[in-house]
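Just so we're aligned, residue 308 is where the sequence shown starts under this note's numbering, counting upward by one.
Even for Gly, the Cβ is constructed at its ideal location relative to N, Cα and C.
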Amino acid sequence: MPTIVSQLETTEKDISSLESRLDTIERRLRISNLSDDQIKSLEKEEKDLQKKLKDKRQSLSGLRVENGKNMVISVVLLGLIVLVYYVFVTP
């Protein structure tokens, strides 16, 4: 089972590659002399990539919230361990 951190890294890499591909498509649409079919194909791909990018960003946001919750739980548990140590172990 992948950890939240590895899922965050994977999602960030996916977002980076999607943004790179979108940039390439946008540049190609502006600069190149393309046929109507090629333009439509690139515009369709651009629209699909933008939808995927939006979904990935929402997923990334959810993962960050989950990661924050896990961090808070870890800090609370650490505090409890320290409290138990000082109450029962130290004279």
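Between N377 and I311, the beta carbon gap of about 6 angstroms places them in contact (Cβ cut-off 8 angstroms).
Take T318, set aside five residues on each side of it, and the residues of its chain with a beta-carbon closer than 7 angstroms to its own are K363, S366, L367, L370, in chain order. Rounded to whole angstroms, Q357 and L349 show a C-alpha spacing of 12 angstroms.
Going by DSSP, S348 is part of the alpha helix (DSSP H) stretching over 343-395.
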